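*Asks:* Pasting in a structure now, in structure tokens, and then I'll have a few things to ask.
Numbering (the working numbering), first residue to last: 788 to 948.
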């Protein structure tokens, strides 16, 4: 979990939780059903083409809006392994970590389809398509452990077996 590599999907600023998973789909808690509709209003091609291991790259204030936990759940269930944004809404950031979805604050240039890799322990992102490297605040060991265990609840249960 400390190293992640995937294909980029670009999104802009202020992608709120209603854009991520519209309220009309919140009648279910099934992650697979939520994933079918994730970000469909922003990019119709996303839900049809996102693959396991892909990376979302976004601008400022990703995940703003309501505190709906289904937003990061839908993204993770769609196969996204990492979200990189210039900034995150606090509650979205926390919800993502709690379910084991890595989110990191950084500013790196990449086009749709570029391949980026991130080393969470070293604090380095590399756009492998055009060889651009950016540093970010490395994750602390306890955060790596939470993410590796699949989220906060699973980490707690593992630690308290």
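Ideal Cβ positions, reconstructed from N, Cα and C, are used throughout, including at glycine.
Owing to the predicted nature of the structure, the values given are computational and were not obtained by experimental measurement.
#1: Using only the alpha-carbon positions, how far apart do residue 822 and residue 895 sit?
#2: Determine the DSSP secondary structure at residue 813, reduced to helix, strand or coil.
#3: Hey, would you say the C-beta of residue 866 is under 7 Å away from at least one heavy atom of the ligand NAP?
#4: Secondary structure at residue 875, three-state DSSP: helix, strand or coil?
#5: Tell me whether residue 907 is buried or exposed, calling it buried when 16 or more other Cβ atoms sit within 10 Å of its Cβ.
#6: If you run the structure through DSSP and keep just helix, strand and coil, what is residue 935?
#7: Hey, would you say residue 796 sits closer than 8 Å to residue 843, going by beta carbons?
#8: Should the stretch 862 to 875 be called in touch with the stretch 843 to 852, which here means at least 3 C-beta pairs below 8 Å?
#9: Looking at the structure shown, is residue 806 part of a helix, part of a strand, or coil, going by DSSP?
#10: Assign residue 934 to one of two classes, buried (16 or more other C-beta atoms within 10 Å of its C-beta) or exposed (fewer than that).
*Replies:* Concretely, from the data shown:
#1: 26 Å
#2: coil
#3: Among the components of this structure there are no ligands whatsoever, and the ligand NAP is therefore not found.
#4: strand
#5: buried
#6: helix
#7: yes
#8: yes
#9: helix
#10: buried
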